[in-house]
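Undergrad:
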Amino acid sequence: DAMVIQNPRYQVTQFGKPVTLSCSQTLNHNVMYWYQQKSSQAPKLLFHYYDKDFNNEADTPDNFQSRRPNTSFCFLDIRSPGLGDAAMYLCATSRDQGRAFFGQGTRLTVV
Amino acid sequence: AQSVTQPDIHITVSEGASLELRCNYSYGATPYLFWYVQSPGQGLQLLLKYFSGDTLVQGIKGFEAEFKRSQSSFNLRKPSVHWSDAAEYFCAVGFTSGTYKYIFGTGTRLKVLA
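In structure tokens, the structure reads:
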């Protein structure tokens, strides 16, 4: 049974057109992370929520934002996608400092 | 700043040979340590983790890793590699810096020769 679900698995968006990626979890974990992974690179942490507290990485562009309306859901909003934002976006959850559980990822293509 | 280093970008081994993937971290205390495997186009699968206690940890698929505090290392090993082990391997650390964070090394791509 999937525990961290990302929708959609594949997303094609137009250059400059806002896009939202979603992540849901059935684990009731209090921490949710968003990572960006470009081809042949390591996942890069964009931001995470620790409970309701939003923690942005210093080098995450302002173009990227996130919402967490409740424990189960977290969204990644890209306000104006550029070609350089094409990547796999990974959502993960953890309970406090425990291991992270990852979703299957959403592959974003910008055309 | 905290960091995770995987010095080997690519490693090629023959099927049946032993394997060691290196991981070093930079952090003032002992972080939580993890190894993940990723097949092309797939998500990340946890192989094993170290929080405390016995420094030799066993994971899935016959993998093990050893934490060496003096070397700030957490190397992944497997005595006999199978062709299905070909994938990308990521070392990750969890640590507290204001809040809890989880960061990855650059990854090691493993190729297995038949």
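Listed in order, the protein sequences are those of chains A and B.
This note's numbering applies: residue 824 is where the first sequence begins, and numbers increase by one.
This note's numbering applies: residue 555 is where the second sequence begins, and numbers increase by one.
Just so it is clear, CB atoms sit at the ideal spot from N, CA and C, and this is done for glycine as well.
It should be emphasised that the depicted structure is a prediction, and the values quoted were computed from it without experimental measurement.
Would you mind stating whether Val933/A and Leu906/A have Cβ atoms separated by less than 9 Å?
TA: The answer is yes: Cβ separation under 9 Å.
Undergrad: Indicate the three-state DSSP secondary structure (helix, strand or coil) for Lys875/A in the structure shown.
TA: If DSSP states are grouped into helix, strand and coil, Lys875/A belongs with coil.
Undergrad: Locate the beta strand (DSSP E) running through Leu850/A, then write down its first and last residues.
TA: From DSSP, Leu850/A is part of no beta strand (DSSP E); its letter is neither H nor E.
Undergrad: From the beta carbon of Asn878/A, is the nearest beta carbon of chain B less than 9 Å away?
TA: Taking Cβ atoms only, chain B reaches closer than 9 Å to Asn878/A, which makes this a yes.
Undergrad: Are three or more beta carbon pairs between the region 844-856 of chain A and the region 626-643 of chain B nearer than 8 Å?
TA: These segments do not touch.
Undergrad: For Lys515/B, does the three-state DSSP call read helix, strand or coil?
TA: The displayed coordinates of chain B run from 555 to 668. Any statement about residue 515/B would go beyond what the structure contains.
Undergrad: Let me see if you follow: with CB-CB separation under 9 Å, is Ala865/A close to chain B or not?
TA: For Ala865/A, the answer is yes, since a Cβ of chain B falls inside 9 Å of its Cβ.
Undergrad: Helix, strand or coil: how does DSSP classify Gln592/B here?
TA: DSSP places Gln592/B in strand when its eight states are reduced to three.
Undergrad: What are the partner residues of Tyr654/B, as DSSP defines its beta bridges?
TA: Answer is Thr650/B, bridged to Tyr654/B.
Undergrad: Quick check on DSSP: helix, strand or coil for Thr900/A?
TA: First, the amino acid is wrong: residue 900/A is Asp here, not Thr. Reduced to three states, the DSSP call for Asp900/A is strand.
Undergrad: Along the region 846-866 of chain A, what residues have a CB closer than 9 Å to any CB found in chain B?
TA: Of all residues in the region 846-866 of chain A, Val854, Tyr856, Tyr858, Gln860, Ser863, Gln864, Ala865, Pro866 have a Cβ within less than 9 Å of some Cβ in chain B.
Undergrad: What three-state label does DSSP hand Ser638/B in the structure shown?
TA: The answer is helix: DSSP assigns Ser638/B an H, G or I state.
Undergrad: Quick one: which chain B residues come within Cβ less than 7 Å of Gly928/A?
TA: Here the neighbours are Gly597.
Undergrad: Could you check where the beta strand (DSSP E) with Val934/A kicks off and where it finishes?
TA: Taken as a continuous stretch (DSSP letters only), Val934/A belongs to no beta strand (DSSP E), as it is neither H nor E.
Undergrad: Please decide whether Ser903/A counts as near chain B, where near means a Cβ-Cβ distance under 9 Å.
TA: So no, Ser903/A is outside the interface.
Undergrad: Can a CB atom of chain B be found closer than 9 Å to the CB of Ala909/A?
TA: False, the Cβ-Cβ gap to chain B never drops below 9 Å.
Undergrad: Which residue or residues does DSSP assign as beta-bridge partners of Leu913/A?
TA: The partner list for Leu913/A (beta bridge, DSSP) reads Tyr858/A.
Undergrad: Give the DSSP-derived three-state secondary structure of Gln888/A in the structure shown.
TA: Residue state, collapsed to three classes: strand.
Undergrad: Taking a cut of 9 Å between CB atoms, which residues from the region 619-653 of chain B lie near chain A?
TA: Residues Glu642, Phe644, Ala646, Gly648, Phe649, Thr650, Gly652, Thr653.
Undergrad: So is Phe588/B in contact with chain A if we call contact Cβ pairs under 9 Å?
TA: Answer yes: the Cβ-Cβ gap between Phe588/B and chain A drops below 9 Å somewhere.
Undergrad: Give me the chain B residues within the contact set of Asp919/A, using Cβ-Cβ distance strictly less than 8 Å, ordered along the chain.
TA: What Asp919/A touches in chain B: Tyr654.
Undergrad: Check whether the Cβ of Asn830/A lies closer than 8 Å to any heavy atom of the ligand COA, and answer yes or no.
TA: No copy of the ligand COA occurs in the structure displayed, which carries no ligand at all.
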